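Colleague: Pasting a structure below so you can have a look.
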Amino acid sequence: NLGCGQAFVTCNVFECICKCGCIVVCHGSSQVLIANNLFVNFNGPAITVSGATTRRSFPANTVTISGNIIDLTCQGERPASRVGISISASNVLVSDNQIYVRGKCDQQVTGIALSEPAVNVRVHDNLIRNCACGIKTGRAESRVTKVFDSTTFLEESLPLEWKTSHCYRGWNLVWLSGNTPSAISIIDSFDPETLRFKLKESYDMHAGDRFQVFPADSANWDIHHNTITSCSRPVVLDSYGTETSFLRDNSVSRGEATGVRTA
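Heads up: the sequence shown begins at 28 in my numbering, then just goes up one per residue.
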């Protein structure tokens with residue numbers, strides 16, 4: 028009923044982690060505090076709070092990430108693509124962290140990455156510098172795996188949801204043709220027992236059809252009072268968002284980065 032993985036991860040030093048990364052909160056873990064840690068010379072992701080699930084697990088949620096110093100400087104000859112803090116789960120607070128690369132801007136590094144379908148996410152008072160991308164957002168995509176009728180289907184990879192959650196009720200479902208939206212449906216319900224999604228209205232869908240989802244009106248993302256400097260792409264917004272999604276009162280400057288075309 029409560030989930031698992033209640034934990035404090037605090038006041039540690041992590042050094043030279045690669046590939047799979049360091050701290051990963053996933054598969055039902057909840058009530059987790061990650062605070063006041065030092066990450067040094069990382070050539071991999073530092074902190075990941077994942078909404079990804081299997082068909083037998085639920086997404087992580089209720090996590091606070093605060094006061095960490097994340098040094099993503101690669102000391103080897105092959106720098107990998109890496110993210111300081113990556114969030115795709117709901118009910119997450121990210122505040123007062125420093126994320127940076129020593130020396131010049133590293134084109135393989137993202138400071139903070141946020142992805143739908145997470146809801147209730149606050150990111151504030153972080154200092155991000157010398158990263159290719161300071162803060163970026165992304166979308167949640169899946170595909171139909173089985174069709175029962177014109178409104179009911181199974182899908183491949185959306186996070187399963189607790190019975191007490193939103194269960195995708197009233198969410199928007201955007202059908203894709205290639206990478207272009209072709210139609211919009213409204214989700215009526217998701218059944219955590221059978222894993223079936225049901226649309227409010229009929230749609231001519233087939234196994235393999237790709238789609239993206241986002242809340243109708245209450246994503247509740249608030250990205251504010253962060254300092255982003257010396258990044259070649261300071262902020263990249265590539266998510267649908269809602270009327271409760273805010274990017275406000277941030278300090279964005281070119282700093283020492285070159286070739287910065289736009290904030």
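Cβ coordinates follow ideal geometry from the N, Cα and C atoms, glycine included. Because the structure is a prediction, the values reported are computed rather than measured.
Going by DSSP in three states, histidine 251 sits in which element: helix, strand or coil?
Modeller: strand
Colleague: With which residues is glycine 165 paired in a DSSP beta bridge?
Modeller: Ser142
Colleague: Grab me the residues of threonine 91's own chain with a C-beta within less than 6 Å of its C-beta, minus the 5 sequence neighbours each way, in chain order.
Modeller: Leu60 and Leu120
Colleague: Alpha carbon to alpha carbon, how far is glycine 94 from serine 266? Give it in angstroms, no decimals.
Modeller: The alpha-carbon separation between serine 266 and glycine 94 amounts to approximately 27 Å.
Colleague: For the beta strand (DSSP E) that contains alanine 62, what are its first and last residues?
Modeller: 57-62
Colleague: Answer yes or no: the CB of isoleucine 126 versus the heavy atoms of the ligand SAM, is any distance below 6 Å?
Modeller: Judged by which ligands are present, the structure shown has none, so any question about the ligand SAM falls away.
Colleague: Quick test of the definition: if touching needs 3 or more C-beta pairs under 8 Å, does the region 270-284 touch the region 242-252?
Modeller: yes
Colleague: Relative to the C-alpha of valine 287, which candidate in Ala159, Cys194 and Ser122 has its C-alpha closest?
Modeller: Ala159
Colleague: Assign threonine 127 to one of three DSSP states: helix, strand, or coil.
Modeller: Per the sequence presented here, residue 127 reads as tyrosine, with threonine not at that position. DSSP places tyrosine 127 in strand when its eight states are reduced to three.
Colleague: Do three or more CB pairs link the region 200-211 to the region 229-247 at distances below 8 Å?
Modeller: Judged by pairs of C-beta atoms under 8 Å, the region 200-211 touches the region 229-247, as three or more such pairs exist.
Colleague: Do serine 57 and asparagine 88 count as a contact pair if the criterion is CB distance below 7 Å?
Modeller: yes
Colleague: What are the boundary residues of the beta strand (DSSP E) that includes isoleucine 112?
Modeller: 109-114
Colleague: Three Cβ pairs or more, each shorter than 8 Å: is that satisfied between the region 218-233 and the region 98-117?
Modeller: no
Colleague: By DSSP, does threonine 91 sit in helix, in strand, or in coil?
Modeller: In this structure, DSSP gives threonine 91 an extended state, which the three-state scheme calls strand.
Colleague: Please tell me whether glycine 161 and valine 36 are closer than 7 Å, where the distance is taken between their beta carbons.
Modeller: no
Colleague: Could you tell me which residues DSSP pairs with lysine 225 in its beta bridges?
Modeller: Thr179 and Ser216
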